[in-house]
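Number of protein chains: 2
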Amino acid sequence: MLAVMEGFLYESLASELGNAIDRGALRAGDRLPSVRRLAEERSCSVSTVLEAYLRLENAGKIEVRPKSGHFVRRRTAAIDIVVEPRPARPCTRPSKVTVNDAYTEILAAMRDPELVPLGCATVDPSYLPIQQLNRIVTQVTREMTTVGARYESPPGLLTLRRQVARRLVETGIALTEDELCTTIGATEALSLSFRAITKPGDVIAVESPSYFGILQNIQSLGLRALEIPAHPRHGFDVTAFEAALSTQSVRAVVLAPTVSNPLGSVMPDDQRERLVKLTRRHDIAIIEDEVYGELMFDGSRPRPLRAFASGDDSHVIHVGSVSKTLAPGYRVGWVAGGRWHAQIVRMKYGQSLACPALLGMAVAEFLASGGYDRHLRRLRSALEANVDRFREAIMSEFPEGTRVSAPRGGFVLWVELPANNDALVLHEQSLRRGIVVAPGPLFSARQRFSNCVRISAGVPWSDRIATAIRTLAKLIR
Amino acid sequence: MLAVMEGFLYESLASELGNAIDRGALRAGDRLPSVRRLAEERSCSVSTVLEAYLRLENAGKIEVRPKSGHFVRRRTAAIDIVVEPRPARPCTRPSKVTVNDAYTEILAAMRDPELVPLGCATVDPSYLPIQQLNRIVTQVTREMTTVGARYESPPGLLTLRRQVARRLVETGIALTEDELCTTIGATEALSLSFRAITKPGDVIAVESPSYFGILQNIQSLGLRALEIPAHPRHGFDVTAFEAALSTQSVRAVVLAPTVSNPLGSVMPDDQRERLVKLTRRHDIAIIEDEVYGELMFDGSRPRPLRAFASGDDSHVIHVGSVSKTLAPGYRVGWVAGGRWHAQIVRMKYGQSLACPALLGMAVAEFLASGGYDRHLRRLRSALEANVDRFREAIMSEFPEGTRVSAPRGGFVLWVELPANNDALVLHEQSLRRGIVVAPGPLFSARQRFSNCVRISAGVPWSDRIATAIRTLAKLIR
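Chains A and B are the protein sequences, given in the same order. Numbers 26 to 502, taken from the working numbering, label the letters of the first sequence in order. Numbers 26 to 502, taken from the working numbering, label the letters of the second sequence in order.
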């Protein structure tokens, strides 16, 4: 009975505060009372206030700033659609991937902890349940003292595969743990998938712009990339792809239908279905990269492409990891290889033999504990608030003609600068000032997007970030 | 002064006990007094007795059996050389690698903890300093709470590379941490090396027999293998290789000069130098797999091939790991890529992006602590005793005509069965009885060695092992 009353209480508290925000009594940037103080004032429990705040967070009305408290969120400007970046023009022919000479240096800079990290697509450690994971690691070493002494042969740790399968089933993918193989992050999953499917010279269709790790694999395996335009909101352009197929045979298409990187786009359901059917008809494999799948701001989880082609004969390889949501440094990823699964498992033996069981166990334990969904709710709210804040700063500081994506999830922004800008030059200049951005040409096989940059909003807003954005604005012509 | 006296004391104690063993007063299998009891009897410190026992261990006179105490070792029979397996015949032409259909199943069985583990090339957890490593892991998570939250970009953790470089310099390789890249075990190091050096169709010279992980890489990359006979004691046959080069162009040679797998052979210094010169003249890359390099029974460490061709333009890629000596499950390995280093580092980005920093830190810390050499001394003694014990059991139980290698380090035995035996059939039959061995055809591109098996002596001798060896003997025709 008490629980029911408390239920009413947090709902009415949330609605009271929500109204105050809507009518302007609490304004953007205002700090809400601390959870403890409000609980005392209202004579209710701390958890009631927390629930009310969480509800407001999920409704996009307030945001948490780590170690600072709860604040009223800025509302996203209505000009979003007008200023989104323009889609790339279609390419009719595949090309070899040109990897920029400075590739390794740029990637290393992205992860230099001394620099303002607007380049790397990882979230700030303060958003991650690192302490809990550390505790689980310690606990595992105590309970299974010899965990470090054994190889966990492919397909890898059963408990982890079970937890992953359980979550994937909820998204609509009918699969069991037997259809999964654990990998060293999604990166190894992609690498193994490419190697299982292709032979040198094969043509791979990619989103344009596309995650550079994919392009680097295409390059190193001697494949060719066919860049298919991706729309900033709707992602991979199936119509353009179908048109390209009339003149071009394609071995595989690799894409991130749910929150692409760098666009943050989300493919509509009908286009997903259309793509799965089209590729089945043309005998083209799909590699679906869903590392951002859990990070839709509204908490929805569109049906993955694999859900439209289930079974162990599926032509859709599904790839995921916890690098964007839990612990990038644990390197825990997975692949559901469909009809290439046995081959992927075999290649995993030769590529890295086994994954570290200790870290897999820690992640499996965390997923089993039930705290993951609560963590994800908080993370999504924080990232959505960050993305808004970064967008606003970019729109107000960067010169006229700048266009910014309006991602529906994740935490990266794709920024199209006025045409006379060179992102590689901007990268160099900003690096000298201690700031890292990811230059656009990294996201294209042909080094297109020379006037675009990817800016990560994975860190909490701060004066340091504000200054960095202003510095970038000054460097841009 | 006391330390000096204690020094004399343990030397005289060791020599007294050694004499007792030599003249037969203590016989093979006899248990020595417990360390505590002997210390009391002789009114000396426990550490003096421990030092004396360690000295006897290193001299091969006694052995430690975990949780049982110190025992007088059996002396190796003098028939070693007579019964060693015969070297393979030279192949004049390269071939595609045929990977047995049952490959994945065999490898999975090798690591099934329920089975008698005579197949897998890892040592028993009781030989590894797992407790210490676990403690370090816990300590690292406490001191660097966010270690799991960051990518450790290639070339990987600096502290680990420094420790590895320090040890390699001691073996005669002049190199710095800048010439190393950390990898997911030696397996990834091999995989990246192959991918950096070769293109499909290239010919790779391998030892015959050779570690199956190497053959699997050759197969999956569309390369061809040229099997060069390896001598059970002296390893890779440089003369046969040179002869093959007169009719065959070769892109790379991959071998384990110090304690090969499965033979346990060690290349003489003059052959090492000859091979390095020969390959330089023919512009052939060398991939040197040194995962067993620390496990020579006599504690010596022959100069690696890389020491004969130092510098960042070296044509010798050097590969190592801690999987055979510290923690296979941590997946900590490394590669010194020589002239292909930049390419290997770049490929590492696309293949697995980063290694788990936490586990790398734990290994670096252990290496820095100075306990590694002491651990290695104990491990070598234990493994040498195991190898002797297993050899004796095999020689006395297996039918006449059986030949067994006499490895100079490591812990695997290569067993040539009488000609009418089929190792794959033996594998199947023994598996049904809960015993795993590694069938010979896994170690050849052409599935040679059909009457050979690799038997791992990495676990302490026990009744269970004795029974397993007898069961195998019964299954062999």
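Ideal Cβ placement from N, Cα and C applies to all residues, glycine included.
Within chain B, the residues that Gly-210 (chain A) reaches when beta carbons sit closer than 8 Å
Within chain B, the residues whose beta carbon sits less than 8 Å from that of Gly-210 (chain A) are Ser-377, Leu-378, Ala-379, listed in sequence order.
Less than 8 Å between the beta carbons of Val-263 (chain B) and Leu-288 (chain B), yes or no?
In this structure, the beta-carbon distance from Val-263 (chain B) to Leu-288 (chain B) does not fall below 8 Å.
Any C-beta of chain B sitting closer than 8 Å to the C-beta of Arg-489 (chain A)?
Output row for Arg-489 (chain A): interface = no.
Using only the alpha-carbon positions, how far apart do Thr-496 (chain A) and Ile-131 (chain A) sit?
Their backbone Cα atoms lie some 19 Å apart in a straight line.
Between B:Pro-485, B:Leu-158, B:Ala-113, B:Phe-219, which lies nearest to Ile-229 (chain B) when the distance is taken from Cα to Cα?
Residue B:Phe-219 is the option with its Cα nearest to Ile-229 (chain B).
With 16 as the cutoff for other CB atoms within 10 Å, does Ala-463 (chain A) come out buried or exposed?
In this structure Ala-463 (chain A) is buried. Its beta-carbon is surrounded by 16 or more other beta-carbon atoms within 10 angstroms.
Go ahead and pull the three-state DSSP assignment for Leu-57 (chain B).
For Leu-57 (chain B), the secondary structure class from DSSP, reduced to helix, strand or coil, is coil.
With a 10 Å radius around its C-beta and 16 neighbouring C-beta atoms as the bar for buried, classify Asp-413 (chain B) as buried or exposed.
With 16 or more Cβ atoms within 10 Å of its Cβ, Asp-413 (chain B) is classed as buried.
Quick one: any contact between the region 344-359 of chain B and the region 187-196 of chain A, if contact means 3 or more CB pairs under 8 Å?
Output reads no: the region 187-196 of chain A does not touch the region 344-359 of chain B.
Can you give me the start and stop residues for the alpha helix (DSSP H) that Asp-413 (chain B) sits inside?
396-422 is the extent of the alpha helix (DSSP H) around Asp-413 (chain B).
For Pro-327 (chain A), count neighbouring Cβ atoms within 10 angstroms of its own Cβ and tell me buried if that reaches 16, exposed if not.
By the 16-neighbour rule on beta-carbons within 10 angstroms, Pro-327 (chain A) is buried.
Have a look at the DSSP bridge pairing and note the partners of Met-372 (chain B).
DSSP lists no partner for Met-372 (chain B).
Determine which residues share a DSSP beta bridge with His-95 (chain A) and list them.
In DSSP, His-95 (chain A) forms a bridge with A:Val-89.
Residue closest to Ala-199 (chain B), alpha-carbon to alpha-carbon, out of B:Arg-331, B:Ser-421, B:Pro-58, B:Glu-109:
Comparing Cα positions, the closest option is B:Arg-331.
Please classify Gly-465 (chain B) as buried or exposed, where buried requires at least 16 neighbouring CB atoms within 10 angstroms.
Counting Cβ neighbours within 10 Å, Gly-465 (chain B) comes out buried, since at least 16 surround it.
Do Asn-286 (chain B) and Ala-482 (chain B) have their CB atoms nearer than 8 Å?
No, the Cβ-Cβ distance between Asn-286 (chain B) and Ala-482 (chain B) is not below 8 Å.
Below 8 Å on the Cβ atoms is my guess for Ser-59 (chain A) versus Gly-94 (chain A); work out the distance and round it to an integer in Å.
Their Cβ separation, rounded to whole angstroms, is 6 Å, which keeps Ser-59 (chain A) and Gly-94 (chain A) in contact under 8 Å.
Using alpha carbons as the reference points, say which of A:Ala-470, A:Arg-48, A:Gly-247, A:Ile-494 lies closest to Asn-125 (chain A).
Measuring from the Cα of Asn-125 (chain A), the nearest candidate turns out to be A:Ala-470.
Return no unless some Cβ of chain B is closer than 8 Å to the Cβ of Pro-352 (chain A).
Residue 352 (chain A) is actually Ala in this sequence, not Pro. The beta-carbon of Ala-352 (chain A) is placed less than 8 Å from the nearest beta-carbon of chain B.
Select from A:Thr-201, A:Val-275, A:Ser-216 the residue whose C-alpha is nearest the C-alpha of Val-231 (chain A).
Nearest C-alpha to Val-231 (chain A): A:Val-275.
Within the 8 Å Cβ cut-off, does Ser-245 (chain B) reach chain A?
Cβ-Cβ to chain A under 8 Å: yes for Ser-245 (chain B).
Pull the bridge partners of Glu-441 (chain B) from the DSSP assignment, please.
The partner list for Glu-441 (chain B) (beta bridge, DSSP) reads B:Arg-428, B:Cys-477.
Indicate whether Val-316 (chain B) and Ile-342 (chain B) have their beta-carbon atoms separated by less than 8 Å.
Contact annotation: Val-316 (chain B) and Ile-342 (chain B) have beta-carbon atoms that are not nearer than 8 Å.
Answer with yes or no whether the minimum CB distance from Pro-150 (chain B) to chain A is below 8 Å.
True, the Cβ-Cβ gap to chain A drops below 8 Å.
Limits of the unbroken beta strand (DSSP E) element including Thr-208 (chain A):
That run of the beta strand (DSSP E) goes 206-209.
If you measure from the beta carbon of Ala-410 (chain A) to each beta carbon in chain B, is any gap under 8 Å?
No - not a single Cβ of chain B is within 8 Å of the one on Ala-410 (chain A).
Taking Leu-384 (chain B) as the query, report the chain A residues whose CB atoms sit under 7 Å from its CB, ordered along the chain.
Residues of chain A whose Cβ lies closer than 7 Å to the Cβ of Leu-384 (chain B) are, in chain order, Pro-381.
Tell me, which residues are paired with Gly-345 (chain B) by DSSP?
Looking at the DSSP output, Gly-345 (chain B) bridges to B:Trp-359.
Roughly how many angstroms lie between the CA atoms of Ala-387 (chain A) and Thr-201 (chain A), to the nearest whole one?
For the pair Ala-387 (chain A) and Thr-201 (chain A), the Cα-to-Cα distance works out to about 21 Å.
Per-residue contacts from Arg-364 (chain B) into chain A (C-beta, under 8 Å):
The premise fails here: Arg-364 (chain B) is roughly 16 Å from chain A at the closest Cβ pair, so nothing lies under 8 Å.
By the criterion of Cβ-Cβ separation under 8 Å, what are the contact partners of Gly-238 (chain A) in chain B?
What Gly-238 (chain A) touches in chain B: Tyr-374, Gly-375, Leu-378.
In chain A, what lies closer than 7 Å to Pro-293 (chain B) by C-beta?
By Cβ distance, chain A contributes nothing, its closest Cβ being about 30 Å from Pro-293 (chain B), past 7 Å.
At a cut of 8 Å, does the region 289-308 of chain B reach the region 149-168 of chain B through at least three beta carbon pairs?
Not touching, per the Cβ criterion.
Chain A partners of Glu-213 (chain B), CB-CB under 7 Å?
Those within 7 Å of Glu-213 (chain B) in chain A are Gln-376, Ser-377.
Boundaries (first-last residue) of the alpha helix (DSSP H) holding Leu-132 (chain B)
Looking at the DSSP string, the run of the alpha helix (DSSP H) that includes Leu-132 (chain B) is 128-135.
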